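**Student:** Mind having a look at this structure? Questions to follow.
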Amino acid sequence: MAYSSLRDAVQDLERNGMLRRISAEVDPHLEMAEIHRRVYRAGGPALLFERVKGSPFPAASNIFGTMDRCRFLFRDTLPAVQRLVALKSDPTAALKQPLQVPGVLLDAVRALPRRVWRAPVMAQQCHISDLPAIVSSPMDGGPFVTLPQVYTEDPDKPGPMGANLGMYRIQLGGNAYVPNAEIGLHYQIHRGIGVHQSKWMERGQPLRVSIFVGGPPAHTLAAVMPLPEGLSELTFAGVLGGRRWRYLRKNGFTWSADADFVITGTVQAGALKPEGPFGDHLGYYSLTHDFPVMSVEGVWHRRDAIWPFTVVGRPPQEDSCFGELIHEMTGQAVRDELPGVEGVHAVDAAGVHPLLLAVGSERYSPYAPNAQPLEMLTQANRMLGTGQLSLAKYLIMACKSDAPPPMHDEGRFLQHVLERADFERDLHFQTRTSMDTLDYSSEGLNSGSKLVLVSLGAPRRSLCRELPAGLPTDGLAGQWHLAMPGVLTASGAKAATAMNSDDVEHWARQLAAAPLEQVGLIVLCDDAAFTAASLINFLWVTFTRSNPSHDVYGVGATVVNKHWGCRGPLIIDARIKPFHAPPVEDDPAIVRRVDELAAAGGPLHGLW
């Protein structure tokens, strides 16, 4: 269905029993986020908060909260997206299937942005302080826009076709921002908006920024899409939305004509102020750092505007559905961008970027004696230099010829690799390199390390399915648990310190005498029982709390020609370190308040 506004989509969901209205007044300070989290965890409906304390605007959340709801919203257009992805991958596809040509041509027309001269979003103006001031986590530095569409243009290629539309978080208030006059932008310099900013600064001119909130759901998804080179977010929004992306020019800015809200402003060279903290999608707070500050020129909105928002935090959350939907639409494009790579899976439970699973091809080496991964390493290097895949911290690869389990079955996939990996040969580190800005497992912002682990060939070890007898209970760890076959978690009374490598290396030497022949990985953590209690816990703790170059050890460690490996199992020190950002936790008072609202006779009773 081609929606012309967010309200169209909300009404469509409501007609089909997929949305609930909340008529009681709700506080945007933590309460709305707590309600959202509970409804999302229960697989519940989209929500329309009709009365937001302190704001005249209603707010909607959990729009994308289930895959069934995502597919419903784009039920008429998903095939069109897949057609265009296939056509970009194979330009001869239209010739092979000529009956599809009319549909492809119509898709191409919808992909072209359309300029208009009037739009509903021009109807009224307001102030930043009038917008729903949604604070999601107790330590957040202020209210944030969590579903923004941030638009900037390339001075070398002005206009929508050379523009960037990205989802970069926006802090509306708090810290040292001048109320109603300044807001904070959080983005990395290598992203599209950062490239545009550099070009404008070189010309001695400010970066002009338009922030769109709301509009058709396709516009929100377009802002988060990791599109291949040559595909515009705006053309994607037109195809997925079944309606051309409409825009207008006003006061020197480009506006999305279908948005519910438009915020315009400029970023001057060197204009930085503290932004954050913010409870982020890794499940920890991104801390306060200097980021660009935008001088607000105006805020406009539709008369019937709805403010959309989501809540992030320890995964899975609503944004998990974004990743799954994107994979459904663009899986073939990944294979075309990365020759020899059969598939890639960013693990949501591990915070997406910290852990990447992949299946590669070894088209020559398997036929040679003592085959070893070679071609797969070139594929790994290409992945770590491509778009958002470059943010991966751990890349774990299996070979197609070994028939690995599906990558989305993370537990079985990891077991497959641990059975086959040669830890003296198949570990490849990149040290002192870049890391995701939101990842605090390293002591330095934006800097850290990466580890590639590849496997090839027949199993080298069978993995234990019970906790081995005779494990040591002295040293760093006295408590042991089995997280999955061949994977142990260990914890003890000794907490991590800033300089603890000697302790862990000494412990690893002690483990050389332990019965670990059927163990592939040991995770040293703060709470072994919690980490082993579920696959989700294991993935989250292990890969968000460790920096490979500093926190990966091994039993029987070796260094041969500067290549590090180990004869026994790997050890990952996933204890919380003093420099780590704190995890996102609920506010007990807000939890009690929402419990009261959900009790029998309360306005939220029966919602989850």
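The numbers in the sequence shown follow our numbering, run straight up by one, and end at 605. Positions of the beta carbon are idealized from the N, C-alpha and C atoms, including for glycine. Because the structure is a prediction, the values reported are computed rather than measured.
1. Go through the region 270 to 316 residue by residue and report every complete run of the beta strand (DSSP E) that reaches 3 residues or more, in order.
2. Less than 8 Å between the C-beta atoms of V221 and M291, yes or no?
3. If we count the other Cβ atoms within 10 Å of its Cβ and call it buried at 16 or more, is Q146 buried or exposed?
4. Going by Cα to Cα distance, which pick from A116, G239 and A596 is closest to L109?
5. N13: buried (16+ other C-beta within 10 angstroms of its C-beta) or exposed?
6. Compare the C-alpha of Q265 against each of F288, A254 and R360 and name the closest.
7. What did DSSP end up calling G238 once you bin it into helix, strand or coil?
8. Does DSSP put S488 in a helix, a strand or coil?
9. Look at the alpha carbon of M432 and the alpha carbon of V308, and state the distance between them as a whole number of angstroms.
10. With a threshold of 16 other CB atoms inside 10 Å of the CB of F233, please say whether the residue is buried or exposed.
11. For V210, write down the residues that DSSP places opposite it in a beta bridge.
12. Considering only their Cβ atoms, is the gap separating S446 from T428 smaller than 8 Å?
13. Can you give, in chain order, each stretch of the alpha helix (DSSP H) that sits fully within the region 505 to 541 and has at least 4 residues?
14. Quick check on this structure: which residue in N248, C396 and E199 has the alpha carbon closest to the alpha carbon of E339?
15. How would you label L96, buried or exposed, when you count the other beta carbons within 10 angstroms and need 16 or more for buried?
16. Compare the beta carbon distance of V142 and L169 with 8 Å and say whether it is the shorter of the two.
17. Would you say N443 reaches chain B, if we count a Cβ-Cβ gap shorter than 8 Å as a contact?
18. Whole angstroms is fine: what's the gap from A347's alpha carbon to V113's?
19. Which residues mark the beginning and the end of the beta strand (DSSP E) in which N13 is found?
20. Applying the criterion that 16 or more other CB atoms from any shown protein chain within 10 Å of the CB defines a buried residue, is H33 buried or exposed?
21. Label K390 either buried or exposed according to how many other C-beta atoms from any shown protein chain fall within 10 Å of its C-beta, with 16 as the threshold for buried.
22. For G562, which of helix, strand or coil comes out of DSSP?
23. Check each candidate in A554, P575, G408 and L335 and name the one with the smallest Cα separation from S438.
24. Helix or strand or just coil, what does DSSP make of M(-2)?
25. With A571 and V520 assumed to form a contact (beta carbons below 8 Å), what rounded beta-carbon distance in angstroms separates them?
26. W197 lies in the beta strand (DSSP E); which residues open and close that run?
27. So, using beta-carbon positions, are C563 and F420 closer together than 8 Å?
28. Tell me whether R457, by its Cβ, gets closer than 7 Å to a heavy atom of the ligand ADP.
29. Among residues of its own chain, excluding the 5 on either side of K50, which ones have a beta-carbon nearer than 7 Å to its beta-carbon?
30. Output needed for C67: all residues of its chain with C-beta closer than 6 Å, excluding positions within five of it in sequence on either side, in chain order.
31. Between which two residues does the beta strand (DSSP E) carrying V23 extend?
32. What first and last residue would you give for the alpha helix (DSSP H) that runs through M380?
33. Which ranges does the alpha helix (DSSP H) cover as unbroken runs of at least 4 residues, wholly within the region 397 to 448, from first to last along the chain?
34. Just checking, does the region 188 to 204 make contact with the region 119 to 136 on the three C-beta pairs under 8 Å criterion?
35. Within this structure, are the beta carbons of F258 and V296 separated by less than 8 Å?
36. Within its chain, find whatever has a CB closer than 6 Å to the CB of A39; leave out the 5 residues flanking it on each side and keep chain order.
**Tutor:** Let me lay it out:
1. The qualifying runs are 286 to 298.
2. The residue given as residue 221 occupies position 224 in the sequence shown. The residue given as residue 291 occupies position 294 in the sequence shown. Against a cut-off of 8 Å, the Cβ pair of M291 and V221 comes out as no contact.
3. For this step, residue 146 is matched to residue 149 along the sequence shown. Flag for Q146 reads buried.
4. Taking the first residue of the sequence shown as 1, we reach residue 109 at position 112. Nearest to L109 by C-alpha distance, out of A116, G239 and A596, is G239.
5. Within the sequence shown, residue 13 is the residue found at index 16, counting from 1. It counts as exposed.
6. The residue you call residue 265 lines up with position 268 of the sequence shown. When each option's Cα is compared against that of Q265, the closest is F288.
7. As a working mapping, residue 238 is identified with position 241 in the sequence shown. Here G238 carries a helix assignment [DSSP, helix/strand/coil].
8. Taking the sequence shown and counting its residues from 1, one reaches residue 488 at position 491. Residue state, collapsed to three classes: strand.
9. The residue you call residue 432 lines up with position 435 of the sequence shown. The residue you call residue 308 lines up with position 311 of the sequence shown. Between the alpha carbons of M432 and V308 lies a distance of about 24 Å.
10. As a working note, residue 233 is residue 236 in the sequence shown. Its Cβ being crowded by 16 or more others within 10 Å, F233 is buried.
11. Taking the first residue of the sequence shown as position 1, residue 210 is located at position 213. Beta-bridge pairing links V210 to P145 and F258.
12. Indexing the sequence shown from 1 puts residue 428 at position 431. Indexing the sequence shown from 1 puts residue 446 at position 449. In this structure, S446 lies closer than 8 Å to T428 by Cβ.
13. Fully enclosed alpha helix (DSSP H) runs of 4 or longer: 525 to 529 and 532 to 541.
14. Here the question's residue 339 lines up with position 342 in the sequence shown. Of the listed residues, the one whose Cα sits closest to E339 is C396.
15. Here residue 96 is taken as the residue at index 99 of the sequence shown, counted from 1. In this prediction, L96 scores a pLDDT of 43, lower than 50, which makes its location untrustworthy; no coordinate-derived value is stated.
16. By one-based count along the sequence shown, residue 142 stands at place 145. By one-based count along the sequence shown, residue 169 stands at place 172. Yes, the Cβ-Cβ distance between V142 and L169 is below 8 Å.
17. The structure shown has no chain B; it contains just one protein chain.
18. In the sequence shown, the residue the question calls residue 347 occupies position 350. In the sequence shown, the residue the question calls residue 113 occupies position 116. The alpha-carbon atoms of A347 and V113 are separated by roughly 43 Å.
19. As a working note, residue 13 is residue 16 in the sequence shown. That residue, N13, is in no beta strand (DSSP E); it is neither H nor E in DSSP.
20. Within the sequence shown, numbered from 1, the residue matching residue 33 stands at position 36. Counting the other Cβ atoms within 10 Å of the Cβ of H33 gives 16 or more, which makes it buried.
21. The residue labelled residue 390 in the question sits at position 393 within the sequence shown. Buried: at least 16 other Cβ atoms inside 10 Å.
22. Within the sequence shown, numbered from 1, the residue matching residue 562 stands at position 565. G562 falls in the strand class under three-state DSSP.
23. Against the sequence shown, residue 438 aligns to sequence position 441. Closest option to S438, Cα to Cα, is P575.
24. Residue mapping note: residue -2 aligns to position 1 of the sequence shown, counting from 1. The answer is coil: DSSP assigns M(-2) none of H, G, I, E or B.
25. Here residue 571 refers to the residue found at position 574 when the sequence shown is read from its first residue. Here residue 520 refers to the residue found at position 523 when the sequence shown is read from its first residue. Your pair A571 and V520 checks out as a contact, with CB atoms roughly 5 Å apart and the cut at 8 Å.
26. As a first step, residue 197 is located in the sequence shown; it is residue number 200 there, counting from the start. Careful: W197 lies outside any beta strand (DSSP E), inside the alpha helix (DSSP H) at G189 to E199.
27. Here residue 563 is taken as the residue at index 566 of the sequence shown, counted from 1. Here residue 420 is taken as the residue at index 423 of the sequence shown, counted from 1. Yes. Within cutoff.
28. By its list of ligands, the structure shown contains no ligand whatsoever, and the ligand ADP lies outside what it can speak to.
29. Here residue 50 corresponds to residue number 53 of the sequence shown, with the count starting at 1. Around K50, the same chain offers E22, V23, D24 and P25 as residues with beta carbons nearer than 7 Å, after the five sequence neighbours per side are excluded.
30. As a working mapping, residue 67 is identified with position 70 in the sequence shown. Same-chain partners within the cutoff: F61, C318 and L322.
31. Taking the sequence shown and counting its residues from 1, the one referred to as residue 23 is at position 26. Counted as a single uninterrupted DSSP element, the stretch harbouring V23 is not any beta strand (DSSP E), since DSSP gives it neither H nor E.
32. Indexing the sequence shown from 1 puts residue 380 at position 383. That run of the alpha helix (DSSP H) goes E372 to M380.
33. Segments of the alpha helix (DSSP H) lying fully in the region 397 to 448: 407 to 417.
34. Under the three-pair Cβ rule at 8 Å, the region 188 to 204 does not count as touching the region 119 to 136.
35. The sequence position of residue 258 within the sequence shown is 261, counting from 1. The sequence position of residue 296 within the sequence shown is 299, counting from 1. Closer than 8 Å, so yes.
36. What you label residue 39 is simply residue 42 of the sequence shown in a count that begins at 1. In chain order, W605 place their CB closer than 6 Å to the CB of A39, counting only its own chain and leaving out the 5 sequence neighbours on each side.
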